[in-house]
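Numbering (the numbering used here), first residue to last: 1487 to 1575. Scroll down for the structure; my scribbles are underneath it.
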């Protein structure tokens, strides 16, 4: 399992509010898939850094979350390279 964490959107950011989740448990995410909308001195879109299946969401919409806190759990697909290269098996 890997985790999508609350990423700092600017250097002094300590926390952000999860305004909206753009994925649900069971959804497939790819690298660059928008997964959440974050409010922190502006409105930002949090992107997935992984290719896999969303298995858990740890926080609720409207919650404030500290930077580097896991908010989404992803089960990475084993055969990642073909997807990164845009190829199918």
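All C-beta atoms, glycine included, are put in the ideal place defined by N, C-alpha and C. Please read these numbers as outputs of a predicted model, since none were measured by experiment.
Among the options, which has the Cα closest to the Cα of residue i?
i            : options                   : result
residue 1498 : 1535, 1552, 1512 and 1559 : 1552
residue 1528 : 1496, 1516 and 1542       : 1496
residue 1524 : 1488, 1562, 1557 and 1515 : 1557
residue 1535 : 1501, 1563, 1504 and 1549 : 1563
residue 1516 : 1492, 1532 and 1548       : 1532
residue 1561 : 1514, 1509, 1493 and 1501 : 1514
residue 1487 : 1540, 1549, 1554 and 1550 : 1540
According to DSSP, what are the bridge partners of residue i?
i            : result
residue 1555 : Residue 1555 pairs with nothing; no bridge assigned.
For the beta strand (DSSP E) containing residue i, list its first residue and its last residue.
i            : result
residue 1531 : 1529-1533
residue 1540 : 1538-1543
residue 1496 : That residue, residue 1496, is in no beta strand (DSSP E); it is neither H nor E in DSSP.
residue 1563 : Element bounds for residue 1563: n/a, residue is neither H nor E.
What alpha helix (DSSP H) runs, 4 residues minimum, are completely inside the region 1498-1529?
none
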